[in-house]
Each structure stands twice: as C-alpha cells, then as structure tokens.
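Residue numbers for the sequence shown follow full-length UniProt numbering, so the first one is 1 and each next one is one higher.
Below is one structure, written out as structure tokens; the observations come after it.
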Amino acid sequence: MLGGTATVFESPLLDINLHLIQWRSEKIYVLFCVNAGHNFISNYKILKYSLSLSCQKTGSQCETDGACMASTSFIDGQEQHIRICITRDKLVPPGQPFYCLSAEGLLNTHCCYTNYCNSLDLKVPSVTLRPGLGGGFGPDGTWGPVELVAVIAGPVCLLCVLLIMGVFLFQYHQRAYSHRQRLEVEDPSCDHLYMAKDKTLQDLIYDMSTSGSGSGLPLFVQRTVARTIVLQEIIGKGRFGEVWRGRWRGGDVAVKIFSSREERSWFREAEIYQTVMLRHENILGFIAADNKDNGTWTQLWLVSDYHEYGSLFDYLNRYSVTIEGMIKLALSAASGLAHLHMEILGTQGKPGIAHRDLKSKNILVKKNSTCAIADLGLAVRHESTTDTIDIAPNQRVGTKRYMAPEVLDESINMRHFDSFKCADIYALGLVYWEITRRCNAGGIHEEYQLPYYDLVPSDPSIEEMRKVVCDQKLRPNVPNWWQSYEALRVMGKIMRECWYANGAARLTALRIKKTLSQLSVQEDIKV
Numbered sequence: 001m002l003g004g005t006a007t008v009f010e011s012p013l014l015d016i017n018l019h020l021i022q023w024r025s026e027k028i029y030v031l032f033c034v035n036a037g038h039n040f041i042s043n044y045k046i047l048k049y050s051l052s053l054s055c056q057k058t059g060s061q062c063e064t065d066g067a068c069m070a071s072t073s074f075i076d077g078q079e080q081h082i083r084i085c086i087t088r089d090k091l092v093p094p095g096q097p098f099y100c101l102s103a104e105g106l107l108n109t110h111c112c113y114t115n116y117c118n119s120l121d122l123k124v125p126s127v128t129l130r131p132g133l134g135g136g137f138g139p140d141g142t143w144g145p146v147e148l149v150a151v152i153a154g155p156v157c158l159l160c161v162l163l164i165m166g167v168f169l170f171q172y173h174q175r176a177y178s179h180r181q182r183l184e185v186e187d188p189s190c191d192h193l194y195m196a197k198d199k200t201l202q203d204l205i206y207d208m209s210t211s212g213s214g215s216g217l218p219l220f221v222q223r224t225v226a227r228t229i230v231l232q233e234i235i236g237k238g239r240f241g242e243v244w245r246g247r248w249r250g251g252d253v254a255v256k257i258f259s260s261r262e263e264r265s266w267f268r269e270a271e272i273y274q275t276v277m278l279r280h281e282n283i284l285g286f287i288a289a290d291n292k293d294n295g296t297w298t299q300l301w302l303v304s305d306y307h308e309y310g311s312l313f314d315y316l317n318r319y320s321v322t323i324e325g326m327i328k329l330a331l332s333a334a335s336g337l338a339h340l341h342m343e344i345l346g347t348q349g350k351p352g353i354a355h356r357d358l359k360s361k362n363i364l365v366k367k368n369s370t371c372a373i374a375d376l377g378l379a380v381r382h383e384s385t386t387d388t389i390d391i392a393p394n395q396r397v398g399t400k401r402y403m404a405p406e407v408l409d410e411s412i413n414m415r416h417f418d419s420f421k422c423a424d425i426y427a428l429g430l431v432y433w434e435i436t437r438r439c440n441a442g443g444i445h446e447e448y449q450l451p452y453y454d455l456v457p458s459d460p461s462i463e464e465m466r467k468v469v470c471d472q473k474l475r476p477n478v479p480n481w482w483q484s485y486e487a488l489r490v491m492g493k494i495m496r497e498c499w500y501a502n503g504a505a506r507l508t509a510l511r512i513k514k515t516l517s518q519l520s521v522q523e524d525i526k527v
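Printed below as a string of structure tokens:
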C-alpha cells in the first residue's frame with residue numbers, strides 16, 4: 001500500500017477520481033475507482049510515475065512540479081496571450097493560488113495539472129455596463145475621463161459639504177446664543193430682583209460714583225449686568241485678549257475679554273478696580289467683572305466705561321492738539337496718576353497704588369478730551385498699616401520702552417513703595433513727550449512717534465533699552481523751538497524732571513498736577 005499524504009488536484013468526475021500521491025519525496029498519479037452508491041474505493045490503478053509536468057510555453061515548452069498556466073489580458077488596448085510553467089512553491093494559497101486568479105474585463109487566467117493542458121486559447125470576457133451610465137471603461141479597458149473626475153472630485157466634494165455643514169452648524173449655534181442673550185436683555189425678569197427695570201447705564205454709573213464705598217457695584221449686580229450685555233464689534237486686541245464695544249440698556253460699554261491664560265491678570269485688574277475709594281474721573285470707570293461660558297470656552301470679562309476716541313496712542317496718531325488740548329490731556333493724566341498714588345486714611349480709606357505699566361496705549365481719551373488711566377493688571381498696592389506691598393504673582397512685565405532706568409538695571413528697591421511711584425513718573429514723562437510733539441503751536445507740529453523711536457528698534461529688548469537709557473543716559477529729544485512758547489517750555493521742563501536717573505529726584509504726580517494747574521490758569525484754559 002502506498003504511504004504519504006494524498007493531495008487532490010482534480011474534482012471527482014462521476015465515480016472516478018484522479019489523485020497525485022506524494023510518496024518518499026516522489027509523485028505518482030493514481031486513478032481511484034469509487035463504487036457507485038458506496039463511499040469506498042473498489043479499485044485503483046497507478047497511471048503514471050512522474051517527477052515533472054510538461055506544459056506549453058510561449059514560443060517553446062517547459063517542465064514544472066506545479067501547474068501549467070494560460071492567460072489572456074488587455075495591455076494598451078491589445079489582447080496578449082501568455083503560457084508559462086508555475087513551480088509548486090508558488091501555488092499559494094492552496095486551493096486558490098494568486099497566479100491563477102482572473103480579473104473581469106482585464107485578465108482571464110487558467111491553471112491546470114496535465115501535460116500541455118494550457119495550450120488552449122482564452123478570451124477576456126467584456127464588462128457589461130449598466131444602461132444609463134455614461135463614461136465607463138474606455139474601449140481599451142482604461143478609466144475614462146468621467147470616471148477619473150468622479151474618483152478625484154467625489155471625496156473633495158464630500159469634504160466641502162461636511163465643511164459647509166460645520167460652518168452652518170457653528171453659525172446656528174452662535175445665532176442661538178446671541179438670541180438667548182437678547183432675550184435676557186429684553187426680559188426684565190432676569191434682573192428685576194437686583195435693580196429697577198428702568199435704570200439706565202448712566203443711572204448705574206451715577207450710583208457707583210456717589211456710593212459711599214466708591215468700590216463699584218455689588219458682585220451679584222455685576223454678574224447681572226455682565227450677562228445682559230450684547231457684544232457689538234471688536235475695537236482692539238492685545239496680549240491679554242480682545243476689547244469689544246457692547247450695548248447695555250441703550251448705552252455703550254467696553255468689554256475686555258481675557259484669554260484663559262491671562263486669568264491672573266483678569267483677577268488682579270478686577271481686584272484693583274474694586275479697591276475702596278478708587279473711582280475718579282481720570283481713572284477708567286469700572287462696571288463689572290464676570291466669567292462667562294460662550295458655549296465653546298469660558299471667557300473672562302471686564303466691563304468698563306466706553307470711550308469712543310480709544311487710547312491716547314490712537315488719538316495722537318489721528319489728531320494733532322492745540323496748546324489747550326495738550327494741557328488738558330497732560331493735566332488730566334497727572335490728576336489720575338496722583339489719585340492712584342495717593343493713600344487715603346480712614347475706615348473707608350484707599351491704599352496707595354502704583355500702575356507699573358503706564359504708557360500711551362494704557363491711557364484712554366474721553367469725549368471731553370481728557371484722559372482716563374486704564375489697564376491696572378500689573379498694579380501694586382501699599383498697605384500702610386503693615387508697610388507691605390501687595391504684588392500679585394504674574395508672569396507679565398511692563399512695556400520695555402517705558403521702563404525706568406532702575407527697572408532696566410534691576411536696581412529698584414522692590415520693598416519700597418515709593419520706588420514704584422517714581423517708575424510711574426518716568427513713564428509719565430515719556431507720555432508727555434508724545435503729547436507735546438503733536439502740539440500745534442504757530443502752525444508747527446511734528447508727526448507722532450514713540451519715545452526712543454530713533455534710538456531703538458520697534459520692539460526693543462531689555463538689553464537694548466538698558467544700553468540707551470542706563471549706559472548712554474540718553475533721553476528723547478526736546479526741540480529748541482519749544483522754548484518759544486511758555487506752555488511747551490513748561491512741558492519740556494516737567495519732562496526732564498521726570499527723567500532723572502535717580503528716581504528720588506523726580507517730581508511727584510501731585511507736584512506735576514499743581515504745576516499744570518497753574519499753567520492752565522496762565523493760559524486761561526478751563527479744565
């Protein structure tokens with residue numbers, strides 16, 4: 001009896017099966033006869049003892065231990081016939097080898113296992129197109145232009161549709177959110193518990209100005225106001241976030257929206273603004289602070305008075321000023337800074353506050369052409385009872401261009417509150433230089449420039465500022481022609497006394513205020 005494993009290569013035909021037997025590393029073809037109606041072998045016969053299979057090969061013949069293959073394919077629109085031998089190790093996977101697969105309309109392949117069985121001619125069946133489909137495969141079996149466009153444009157169109165749907169969903173969400181805001185504004189039931197229904201923004205500001213504490217509204221009223229403001233347009237951007245113009249009960253307000261990474265600045269500024277007795281006509285009027293969920297992320301809001309002229313920096317870029325306008329701007333800025341620096345003793349007293357980031361961009365111009373000091377995010381407070389300085393932990397630093405010499409060379413005494421006030425005075429002197437350059441006296445005025453514009457680049461480093469201010473001891477140029485006008489001469493003198501390298505030798509804000517008040521009387525200016 002033959003041993004080994006039998007591998008079937010041909011399907012049973014009637015009651016006769018042809019098997020290839022592997023025995024002792026050799027191959028034997030055996031014909032088995034199966035008794036009809038019974039599942040047992042009644043007879044067998046060794047047909048051939050063979051080590052190889054002979055096949056037809058294109059232009060010749062070949063022998064193999066595997067199978068014969070014939071294939072017909074379309075290449076460049078022409079029908080090509082191939083006949084080859086396939087070795088046994090390439091007949092994988094068993095039962096359906098890759099070499100024996102066909103592709104409808106492109107390739108017709110036939111594998112067989114008898115001598116010269118691949119000598120037949122195969123035809124490639126054509127692909128039957130469904131009616132109504134234009135384009136399809138071309139006559140040469142390649143993609144047509146319609147199919148290529150469909151394959152390329154299909155995913156792109158799908159992506160565009162998804163993108164448009166996303167935009168519409170976002171806009172719908174924003175409109176729904178704005179609609180809810182307007183409903184809250186129009187519905188008095190949301191705030192009647194805290195304030196009268198007919199109270200306007202002007203009434204609210206008047207109440208804050210005449211309240212005993214002077215520290216602003218109660219917290220629950222602040223939240224009511226903040227959550228019923230409708231944002232109108234963006235009016236400014238900075239490193240902290242954005243500034244918007246908003247509407248509340250018929251009046252305009254400014255809404256400073258901090259980014260989440262500036263939470264410390266937001267908290268500090270709100271804390272400083274709510275200091276007892278801080279309210280002053282030349283300090284930006286604080287209304288409310290709140291954190292709001294806009295549906296996507298949490299926003300940190302600081303609501304204040306709205307001044308349409310914007311910052312002093314913007315104002316001076318757009319307009320020149322008269323001598324009267326120059327004195328009004330300078331005097332009001334000094335008045336605001338003097339109130340900020342001043343300590344008021346008593347049960348309802350006010351601590352001294354130093355700004356630490358005074359510059360033309362942090363001073364606003366009111367409708368009456370006077371100044372209001374803003375942006376108290378870096379301010380420090382002096383507690384006289386304990387003689388300590390309250391400096392909030394904050395990664396922000398002041399603007400390098402306006403830093404005093406002692407700040408640039410790090411010689412400032414951080415434990416002495418007067419050191420911070422002296423640094424503010426130095427910065428105020430630079431702001432005065434910006435204002436005075438734009439003064440139109442005798443038909444002459446200069447274009448707006450930042451301090452040290454001719455000595456340092458547009459965004460100077462601390463090292464560059466230290467070299468100019470501390471090492472070379474340079475200051476902004478004061479033109480000689482200013483001496484021809486008393487107001488300009490006084491302004492130039494004040495500037496120089498604000499720029500001393502020794503902070504203790506500089507003028508105080510109160511001294512500057514008194515000097516400018518006397519100048520306004522001399523010039524017959526009503527401030």
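Beta carbons: idealized from backbone N, C-alpha and C, even for Gly.
Just so it is clear, the structure is predicted and the values come from calculations on it, not from any experiment.
Can the beta-carbon of residue i be found closer than 8 Å to that of residue j?
{"i": "Leu331", "j": "Ile373", "result": "no"}
{"i": "Ala67", "j": "Tyr113", "result": "yes"}
{"i": "Ser54", "j": "Gln61", "result": "yes"}
{"i": "Ile389", "j": "Val380", "result": "yes"}
{"i": "Phe313", "j": "Lys361", "result": "yes"}
{"i": "Ile435", "j": "Met326", "result": "yes"}
{"i": "Arg245", "j": "Ile229", "result": "no"}
{"i": "Lys473", "j": "Ala501", "result": "yes"}
{"i": "Cys85", "j": "Lys57", "result": "yes"}
{"i": "Val365", "j": "Tyr426", "result": "no"}
{"i": "Ser320", "j": "Arg438", "result": "yes"}
{"i": "Ala487", "j": "Glu523", "result": "yes"}
{"i": "Ala509", "j": "Ala334", "result": "yes"}
{"i": "Ile272", "j": "Leu428", "result": "no"}
{"i": "Glu343", "j": "Ser384", "result": "yes"}
{"i": "Ala423", "j": "Arg356", "result": "yes"}
{"i": "Met165", "j": "Asn118", "result": "no"}
Could you pull the DSSP bridge partners for residue i from this structure?
{"i": "Ser244", "result": "A small fix is needed here, since residue 244 is Trp in this sequence, not Ser. Bridge partners of Trp244: Ile234, Val255."}
{"i": "Phe417", "result": "Beta-bridge pairing links Phe417 to no other residue."}
{"i": "Ile82", "result": "Ser71"}
{"i": "Gln472", "result": "The partner list for Gln472 (beta bridge, DSSP) is empty, contrary to what the question assumes."}
{"i": "Val321", "result": "Cys439"}
{"i": "Ile444", "result": "Ala441"}
{"i": "Ser60", "result": "Lys57"}
{"i": "Gly352", "result": "His382"}
{"i": "Asn108", "result": "Thr72"}
{"i": "Val365", "result": "Cys371"}
{"i": "Ala103", "result": "Leu107"}
{"i": "Ile344", "result": "Lys350"}
Would you decide whether residue i is buried or exposed? Buried here means 16 or more other CB atoms lie within 10 Å of its CB.
{"i": "Thr444", "result": "It is Ile, not Thr, that sits at residue 444 in the sequence shown. Ile444 comes out exposed."}
{"i": "Ile308", "result": "Sequence check: residue 308 is Glu here, not Ile. Classification for Glu308: exposed."}
{"i": "Glu269", "result": "buried"}
{"i": "Ser25", "result": "At Ser25, the pLDDT of 41 sits below 50, so the modelled position is not reliable; the number obtained from the coordinates is stated separately. When all chains shown are included, Ser25 counts as exposed."}
{"i": "Leu358", "result": "buried"}
{"i": "Glu463", "result": "exposed"}
{"i": "Phe240", "result": "buried"}
{"i": "Trp433", "result": "buried"}
{"i": "Cys160", "result": "exposed"}
{"i": "residue 557", "result": "In this structure the chain extends from 1 to 527, so residue 557 is not present and cannot be described."}
{"i": "Gln171", "result": "exposed"}
{"i": "Gly442", "result": "exposed"}
{"i": "His280", "result": "buried"}
{"i": "Thr515", "result": "buried"}
{"i": "Val151", "result": "exposed"}
{"i": "Glu262", "result": "buried"}
{"i": "residue 528", "result": "Beyond the ends of the chain as shown, which are 1 and 527, falls residue 528; an answer cannot be given."}
{"i": "Thr386", "result": "exposed"}
{"i": "Leu378", "result": "buried"}
Verify the CB distance criterion: does residue i have a CB-CB separation below 8 Å to chain C?
{"i": "Cys371", "result": "In the displayed structure, chain C is absent; only one protein chain is listed."}
Compute the beta-carbon to beta-carbon distance between residue i and residue j, rounded to the nearest angstrom, for a pair I have assumed lies under 8 Å.
{"i": "Thr275", "j": "Ile353", "result": "7 Å"}
{"i": "Trp248", "j": "Leu300", "result": "18 Å between Cβ atoms; not a contact."}
{"i": "Val255", "j": "Val303", "result": "6 Å"}
{"i": "Gln348", "j": "Met414", "result": "Between Met414 and Gln348 the Cβ distance is about 29 Å, and since that is not below 8 Å, they are no contact."}
{"i": "Lys421", "j": "Met465", "result": "The Cβ separation is near 21 Å, so there is no contact."}
{"i": "Ile283", "j": "Gly346", "result": "Not a contact, Cβ separation roughly 19 Å."}
{"i": "Thr87", "j": "Cys100", "result": "In fact, because the Cβ distance is near 13 Å, the residues do not count as touching under 8 Å."}
Is residue i near the ligand GTP, going by C-beta to nearest heavy atom under 7 Å?
{"i": "Pro97", "result": "Ligands in the displayed structure: none, and consequently the ligand GTP is not present."}
Exercise. Hey, which unbroken runs of the beta strand (DSSP E) at 3 residues or more fall wholly within the region 373 to 402?
Worked result: For the region 373 to 402, whole beta strand (DSSP E) runs of length 3 or above, ordered along the chain, are 380 to 383, 388 to 390.
Exercise. Which runs of the beta strand (DSSP E) spanning at least 3 residues fall entirely within the region 272 to 332, listed in chain order?
Worked result: 286 to 293, 298 to 305
For this session: Please list the segments of the alpha helix (DSSP H) lying wholly inside the region 448 to 499, counting only runs of 4 or more residues, in order along the chain.
Result: 462 to 466, 486 to 498
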